[in-house]
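Structure first, commentary second.
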Amino acid sequence: MGKVKFLQGNHACVEGAVAAGARFYAGYPITPSSEVAQAASDKLPPLGGYYVQMEDEIASMAAIVGSSLSGLKSFTATSGPGLSLMQENLGMAIMGEVPCVIIDVARGGPSTGLATKQAQGDVMQTRWGTHGDHTIIVVTPASVQECFDLTVRAFNLSEKYRTPVIVLTDKTIGHLREKVDVRDPSEIEIIDRKRPTCPPGDYKPYRADADGIPPLAAYGDKHLLRINSSMHGEEGFINQSPQNATALSKRLYDKIENNVADIGRIKTFQTEDAEIVIISFGISARSAFRSAALARQAGIKAGAIQLQTLWPFPRPQVQEALGNSCRRLLVAEMNMGQLALEVERVFTDMEVYRVNKWSGEDLLPREILDRLKEVSE
Amino acid sequence: MTDYRDYLREELFPQMWCSGCSHGISLGSIARAMAALNLERHKTVVSTGIGCWGKADDYFRTHVFHGTHGRALSFATGIKVAKPELTVLALMGDGDGVTIGGNHFIHSARRNLDMTAIITNNFNYGMTGGQYSASSPEGSITTTSKYGTMEEGFDICSLAIASGATFVARVNPYHVTQMDKLIAEAIAHKGFSVVEILSNCPTYFARYNQKASAVEMMKYFKERSLSRKKYDALPEEEKENYFLTGKLHQVVKDDFHKKYKDLQKRARETAEEVS
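Okay, structure coming up:
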C-alpha cells in the first residue's frame, strides 16, 4: 500500500524514482534542485542503492550512463546551468541508447541569471541543448503528485525506448508542498528494459527489433556489451559510412517520433466547445486552467491544455482535444516565447497569441485572464 | 594461464595507429596482464575516451565503453559503483586523462574506487594533429607551440599520488616486461590505481622535438628511465632530464565499496529506527 505524504516537488521526484526502481543517483548540488540530491542521499543507501556526489555535472551525467549500463536504473537532477554542462553526455546517452532520467528544476537564466527564482526558460534547452540531429523525451509535471507520477513515467519511457528522458519541473513546483499519494511499486506500472534473449555469441548491442529498439545487456552479462558514442554499426564498432550514418540517425529519431501516440500526454480543461484554448505546461498550466475557468465566468469560451509531455510535442493529442470551434490559441509560459514557436509551427491554421513573463515570478491566473480578454475583443 | 590473445580482437588488426607508435605495445601489455590475472572477459570492462588511444577499446574482446573526450573515468565510476564485482579499466591519453579530464582524474583518485587508470602519455594530442597538452614539457615544440611551450607540464604520477591514488606506477614501452608486471599489479591492487605509460608519438611529438624516429624515441625512453634508487642519486639539476619509473607508490586503504557497504549498513539501521 502507498502512503499519503505532504512533500515538496523535489522530494516527490525522488519518491517516484525509487518507486520506479531507481537505485543509483549521481549529481552535483545546484539551486533549486538540491533537495533532490539530499533526498536521494537519504533514500537510496538503505535500499542497497548508491548516491554519489560527483565533481561536476559533466561527471554526474557520465556516471548515470555508466551505472545504467551496469544494470541499475539511474538518475540525476540539476537546473539550467548544470543541464548545460550535462548536454555533451546527454548526447552520449542518446547516441549510445542508454536509459536514464534527468530532473531539471528550472530557474531564471541565462547564465547564473536568477539563481533562486522562477522560470520556464529551458523549453528549448531540453529539446535542442545537445548538438547534432536528435530527438528526446521531456515530461513536465504541474503538481507535486505529478512530480511523483511523471518521474515514474519518465523511467518507464526511458526503459521502454532505451533513451534518456528529462523531467522538466521548475523552482515553484520543486519547492511547493502538497499532498501526494506515494504509490507502492505494486500499484503502478513499471517497465524494465528489454534484455537480450539470444545466445551470448549472437548478441549485437545495436541490432534493433522490429520496434526499432535493440535489447540491452548489462556489463557483467555473458552478452558482451560494446557501447559507442560515435556513429556505429549493430555490433557497436565505429561505422562512418554515409549509409550507416543516415540509417542510424533515422532509427534513433523514429523510435521516438513514430511513437508520439504512446509518449504524448496532455490534460484538458473544457476544450470541447472552447473558441480559445490556452496551451501551457508545468506550474503555468495551473494558472492557465484557473484563468480559463475565470474567463468562462466572464463569458469567454475558453479552454486549457496542460502538456504533460513537452517533447516530442504531443500533436495528435492536442489536435484531438481542440474542438471544431477553436480558432485561437494562447501559449502561456514563463519565458520570452519558446513553446509558442512550436505551437505556431504546428498550428498554422490558427491564430496563435502569447502571454509571457520572465521577471522571476510566477505567471498568475489574472495575468493570463487579462491577455485572454485582450485577444478575445 | 589464459592466452593473452583471448582478450584481443586480432581479426581487426593491423591496428589503426601510425607505424612506430607505442600504443600497440601498451595494448599487448594490458592483454598480457589480463591473462596473467586470468580475468573473466565478461566481468571486465574497458572504458575509453577520445584520441588515438581512445580507439583501443576496438581491440578488446571484453565489455567496452567508448564515450566522450576526457570522461572515461566518470563513465567508469558509474559502471564500477553499480556493479562492484567488475574489473574496470579506464584507458586515457594525456589529453583525456589529465587535461580535459583533469578534474575527474583527481577526484577519482580521491574517491579510491577499485579501478585502474592507464594513461598513455605521449606529451601531445596525436589525433587532432600534434597540439601541446597539459603534459607537454616546458619548451616543447608542437603544432600550437612553434616557439616552444611556456607552461610547465604535469607530472602525472605526482598528481595521482597527491590526489589520493593508492597505487601509482610509471613505465615505458622499451621495458615491456616491467610494463606487463606493473599493469597486472595495478589491476590486482584494491583501490584506485594509476599506470602512466610514457609513449611515443613519432608522427608529431618526436618529429618536432629532435627525436625523429620511433627507434630514437625508444632509445630515449630506455636511456632516460631510471629506478628510484638511481634517480634519487642524480644531482638535482639533472633530474628534469630523466623519468622516474617503476612502482612509485602503494598504500593499503579501504576502497570506496568497503566504505560504502558500511554506509549502507548504517543507513539501514537508521531507517529501521526511524520507522
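Sequence lines, in order, name chains W and S. Here the working numbering is used: the first residue of the first sequence is 0, the next is one more, and so on. Here the working numbering is used: the first residue of the second sequence is 13, the next is one more, and so on. Even for Gly, the Cβ is constructed at its ideal location relative to N, Cα and C. Remember, predicted model here, so these are calculated numbers, not experimental data.
Rounded separation between GLY32 of chain S and ASN212 of chain S - CA only: For the purposes of this step, residue 32 of chain S is taken as the residue at position 20 of the second sequence. For the purposes of this step, residue 212 of chain S is taken as the residue at position 200 of the second sequence. Spanning the two alpha carbons is a distance of roughly 8 Å.
task: Could you check the C-alpha separation between THR111 of chain S and HIS119 of chain S for me, to the nearest Å?
output: Residue mapping note: residue 111 of chain S aligns to position 99 of the second sequence, counting from 1. Residue mapping note: residue 119 of chain S aligns to position 107 of the second sequence, counting from 1. For THR111 of chain S and HIS119 of chain S, the distance between alpha carbons rounds to 14 Å.
field: Neighbourhood of LYS254 of chain W by C-beta, 7 Å cutoff - its chain only, sequence neighbours within 5 removed
entry: Numbered from 1 along the first sequence, position 255 holds the residue referred to as residue 254 of chain W. Short of 7 Å from the beta carbon of LYS254 of chain W, and not among the five residues preceding or following it, lie these beta carbons of its own chain, in chain order: TYR160, GLY211 and ILE212.
field: Inter-residue spacing [alpha-carbon to alpha-carbon] between SER287 of chain S and GLY26 of chain W
entry: Counting from 1 along the second sequence, the entry for residue 287 of chain S is found at position 275. Counting from 1 along the first sequence, the entry for residue 26 of chain W is found at position 27. Taking C-alpha positions only, SER287 of chain S is separated from GLY26 of chain W by approximately 27 Å.
- request: Give the DSSP-derived three-state secondary structure of GLY95 of chain W in the structure shown.
  value: As a working mapping, residue 95 of chain W is identified with position 96 in the first sequence. In the structure shown, GLY95 of chain W sits in a helix (DSSP, three-state: H, G or I).
task: At 7 Å on the CB atoms, spell out the chain S contacts of PHE236 of chain W, in chain order.
output: If you number the first sequence from 1, residue 236 of chain W lands on position 237. Contact annotation for PHE236 of chain W against chain S: ASP70 [CB-CB distance below 7 Å, chain order].
task: Starting from PHE179 of chain S, trace the beta strand (DSSP E) both ways and give me its first and last residue.
output: Against the second sequence, residue 179 of chain S aligns to sequence position 167. Boundaries of the beta strand (DSSP E) around PHE179 of chain S: 179 to 183.
task: Give a yes or no on whether 9 Å exceeds the smallest Cβ distance from PHE87 of chain S to chain W.
output: Locating residue 87 of chain S in the second sequence gives position 75, counting from the first residue. Proximity of PHE87 of chain S to chain W, defined by a Cβ-Cβ separation below 9 Å, is satisfied.
query: At a CB-CB cut-off below 7 Å, which residues of chain S make contact with PRO44 of chain W?
result: If you number the first sequence from 1, residue 44 of chain W lands on position 45. At a C-beta separation below 7 Å, PRO44 of chain W has these neighbours in chain S: LEU275, GLN276 and ALA279.
The segment 206 to 224 of chain S: positions lying closer than 9 Å to chain W by Cβ: The residues in question: there are none.
- prompt: Going along the chain, which residues of its own chain have a beta-carbon closer than 7 Å to the beta-carbon of THR151 of chain S, five neighbours each way excluded?
  reply: Numbered from 1 along the second sequence, position 139 holds the residue referred to as residue 151 of chain S. Strictly speaking, residue 151 of chain S in this sequence is Gly, with Thr absent from that position. So the list reads GLY160 and THR161, once near-sequence residues are dropped.
message: For a test of the three-state rule: what should DSSP assign to ILE29 of chain W, helix, strand or coil?
response: In the first sequence, the residue the question calls residue 29 of chain W occupies position 30. Here ILE29 of chain W sits in coil by DSSP.
query: Of the choices S:VAL206, S:ASN136 and S:THR140, whose alpha-carbon is the least far from that of THR257 of chain S?
result: Position 245 of the second sequence, counted from the start, is the residue given in the question as residue 257 of chain S. Residue S:VAL206 is the option with its Cα nearest to THR257 of chain S.
- request: Report, in whole angstroms, the separation of the C-beta atoms of ARG264 of chain W and THR308 of chain W, which I expect to be a contact under 8 Å.
  value: On the first sequence, residue 264 of chain W is found 265 positions in, with the first residue counted as 1. On the first sequence, residue 308 of chain W is found 309 positions in, with the first residue counted as 1. Confirmed, Cβ separation roughly 5 Å.
task: Please state if the CB of SER86 of chain S and the CB of TRP65 of chain S are separated by a distance shorter than 9 Å.
output: Translated into positions along the second sequence, residue 65 of chain S becomes position 53. Translated into positions along the second sequence, residue 86 of chain S becomes position 74. Not a contact, by the Cβ cut-off of 9 Å.
query: Is ALA153 of chain W helix, strand or coil by DSSP?
result: One-based indexing of the first sequence puts residue 153 of chain W at position 154. It is helical.
Nearest candidate by alpha-carbon position, reference GLN119 of chain W, set W:SER283, W:LEU68, W:TYR24 and W:VAL51: Your numbering for residue 119 of chain W matches position 120 in the first sequence. Of the candidates W:SER283, W:LEU68, W:TYR24 and W:VAL51, W:SER283 places its Cα closest to the Cα of GLN119 of chain W.
query: Which partner residues of ILE172 of chain W appear in the DSSP bridge assignment?
result: For this step, residue 172 of chain W is matched to residue 173 along the first sequence. Partner(s): none; ILE172 of chain W has no beta bridge.
- request: Under the assumption that GLY235 of chain W contacts PRO204 of chain W (Cβ atoms under 8 Å), give the Cβ distance between them as a whole number of angstroms.
  value: Within the first sequence, the letter at position 236 stands for residue 235 of chain W. Within the first sequence, the letter at position 205 stands for residue 204 of chain W. The Cβ separation is near 5 Å, so the contact holds.
message: Check this for me: beta carbons of ALA121 of chain S and PHE204 of chain S, under 9 Å apart or not?
response: What you label residue 121 of chain S is simply residue 109 of the second sequence in a count that begins at 1. What you label residue 204 of chain S is simply residue 192 of the second sequence in a count that begins at 1. Yes; because the gap between Cβ atoms is below 9 Å, this pair is in contact.
message: Counting only C-beta atoms, is LEU306 of chain W closer than 9 Å to chain S at any point?
response: The residue given as residue 306 of chain W occupies position 307 in the first sequence. Not one beta carbon of chain S lies nearer than 9 Å to the beta carbon of LEU306 of chain W.
- request: Ignoring anything shorter than 4 residues or poking outside the segment 33 to 90 of chain S, list the alpha helix (DSSP H) runs there in chain order.
  value: Fully enclosed alpha helix (DSSP H) runs of 4 or longer: 35 to 48.
message: Taking 9 Å as the threshold (beta carbon to beta carbon), is PRO198 of chain W in contact with chain S?
response: Taking the first sequence and counting its residues from 1, the one referred to as residue 198 of chain W is at position 199. No, because no Cβ of chain S sits closer than 9 Å to the Cβ of PRO198 of chain W.
field: Amino acids of chain S, ordered along the chain, whose beta-carbon sits closer than 7 Å to that of ASN88 of chain W
entry: What you label residue 88 of chain W is simply residue 89 of the first sequence in a count that begins at 1. In chain order: THR80 and ARG83.
- prompt: Is there at least one Cβ from chain W nearer than 9 Å to ILE93 of chain S's Cβ?
  reply: Residue 93 of chain S sits at position 81 when you count from the first residue of the second sequence. It is worth fixing the name first, because residue 93 of chain S is Val in this sequence and not Ile. VAL93 of chain S counts as touching chain W.
Contacts that SER229 of chain W makes with chain S (C-beta to C-beta distance below 7 Å): Position 230 of the first sequence, counted from the first residue, corresponds to residue 229 of chain W. Per Cβ cutoff of 7 Å: HIS78.
query: Mind pulling the chain S residues with CB within less than 8 Å of MET335 of chain W?
result: Mapped onto the first sequence, residue 335 of chain W falls at position 336. Neighbours of MET335 of chain W on chain S: none; closest Cβ ~31 Å, over 8 Å.
- prompt: Taking only beta-carbon atoms, is GLU54 of chain W less than 9 Å away from chain S?
  reply: Against the first sequence, residue 54 of chain W aligns to sequence position 55. Yes - at least one Cβ of chain S is within 9 Å of the one on GLU54 of chain W.
message: On the DSSP bridge list, what partners appear for LYS292 of chain S?
response: Because chain S in this structure spans residues 13 to 287, residue 292 of chain S falls outside the shown range and cannot be described.
query: What are the start and end residues of the beta strand (DSSP E) that includes ARG225 of chain W?
result: Along the first sequence, one-based indexing puts residue 225 of chain W at 226. From DSSP, the beta strand (DSSP E) with ARG225 of chain W extends over 225 to 227.
- request: Sort W:ILE165, W:GLU373 and W:TRP127 by Cα distance to ALA297 of chain W and report the nearest one.
  value: Against the first sequence, residue 297 of chain W aligns to sequence position 298. Relative to ALA297 of chain W, the option among W:ILE165, W:GLU373 and W:TRP127 whose CA is nearest is W:GLU373.
message: By alpha-carbon positions, which one of W:THR139, W:HIS174 and W:PHE154 ends up nearest to GLU188 of chain W?
response: As a position in the first sequence, residue 188 of chain W is number 189, starting the count at 1. Shortest Cα-Cα distance from GLU188 of chain W to any of W:THR139, W:HIS174 and W:PHE154 involves W:PHE154.
- prompt: Are the CB atoms of VAL180 of chain S and MET191 of chain S nearer to each other than 9 Å?
  reply: In the second sequence, the residue the question calls residue 180 of chain S occupies position 168. In the second sequence, the residue the question calls residue 191 of chain S occupies position 179. Result no, Cβ atoms of VAL180 of chain S and MET191 of chain S do not sit closer than 9 Å.
Whole-angstrom C-beta distance between GLN86 of chain W and GLY131 of chain W, which should lie under 8 Å: Numbered from its first residue, the first sequence carries residue 131 of chain W at position 132. Numbered from its first residue, the first sequence carries residue 86 of chain W at position 87. Contact doesn't hold; Cβ gap of about 11 Å is too wide.
ARG278 of chain S versus GLU285 of chain S: straight-line alpha-carbon distance, rounded: Here residue 278 of chain S is taken as the residue at index 266 of the second sequence, counted from 1. Here residue 285 of chain S is taken as the residue at index 273 of the second sequence, counted from 1. GLU285 of chain S has its alpha-carbon roughly 11 Å from the corresponding atom of ARG278 of chain S.
query: Along chain W, which residues have their Cβ under 7 Å away from the Cβ of VAL57 of chain S?
result: Here residue 57 of chain S refers to the residue found at position 45 of the second sequence. Those are TYR218, listed as they occur along chain W.
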